[in-house]
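Trainee: My structure is below; once you've seen it, I'll send some questions.
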Ligand code: ADP
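Numbering (this note's numbering), first residue to last: 17 to 174.
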């Protein structure tokens, strides 16, 4: 199976990585689709986010990394995905994720969204929390892959 995992990944955390690894073991090829939408004003450029994901997943087989803009269902069709994957950390994610899943189904009934819950020890992680910690000089090496921890240090030391 081919599973599309769309997101901002600004930056990639161990929560995202855990999901990629678990979905990879369950379903096969994971197409990580990095949102290019510049109106979201990401902290890391698209190229940097792709590099971070590429380096952090180099030990896993069957990973493809693409960028996308626009509707997720169009991206799913173009990348010949069978399923869309999203992650759930806590109940607070559920309402938003359910709304997106229903919207996507209404646009194209072909694509089911599946949800995976991350490992409990990663469930507190979000890209914004990680950036907040790094902004104030906190240690992030237990939250993000090595390349991301380095990039965060560089970003907030500049
Ligand atoms: P978006 O801006 O589309 O929400 P994110 O990069 O923040 O993009 O997240 C992509 C997906 O990964 C979302 O489904 C989100 O719920 C999930 N996710 C993010 N962090 C975690 C985590 N720590 N554990 C499980 N899922 C997560």
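Here a beta-carbon is modelled for each residue, glycine too, at the ideal position from N, C-alpha and C. In this text, all values refer to a predicted model and were calculated from it rather than measured experimentally.
Would you call the CB atoms of residue 44 and residue 78 closer than 8 Å?
Mentor: Position 28 of the chain shown, counted from the first residue, corresponds to residue 44. Position 62 of the chain shown, counted from the first residue, corresponds to residue 78. The answer is yes: Cβ separation under 8 Å.
Trainee: What residues match up with residue 113 in a beta bridge as DSSP calls it?
Mentor: To locate residue 113, count along the chain shown from 1; it is residue 97. Answer by DSSP bridge pairing: none, since residue 113 is not bridged.
Trainee: By the 10 Å Cβ neighbour count, where 16 or more other Cβ atoms means buried, how is residue 17 classified, buried or exposed?
Mentor: Within the chain shown, the letter at position 1 stands for residue 17. It is exposed - the Cβ of residue 17 has fewer than 16 other Cβ atoms within 10 Å.
Trainee: Is the distance from the Cβ of residue 35 to the Cβ of residue 103 below 8 Å?
Mentor: The sequence position of residue 35 within the chain shown is 19, counting from 1. The sequence position of residue 103 within the chain shown is 87, counting from 1. At the C-beta level, residue 35 and residue 103 come within 8 Å of one another.
Trainee: Helix or strand or just coil, what does DSSP make of residue 80?
Mentor: Residue mapping note: residue 80 aligns to position 64 of the chain shown, counting from 1. Residue state, collapsed to three classes: strand.
Trainee: Could you please give the first and the last residue of the uninterrupted alpha helix (DSSP H) stretch that includes residue 105?
Mentor: Along the chain shown, read from residue 1 onward, the residue named residue 105 stands at position 89. Premise fails: residue 105 is in no alpha helix (DSSP H) and is neither H nor E.
Trainee: Can you check which of these residues, 132, 127, 129, 168, is closest to residue 6 by C-alpha distance?
Mentor: This structure does not reach residue 6, given that the chain is present from 17 up to 174, and the question cannot be answered.
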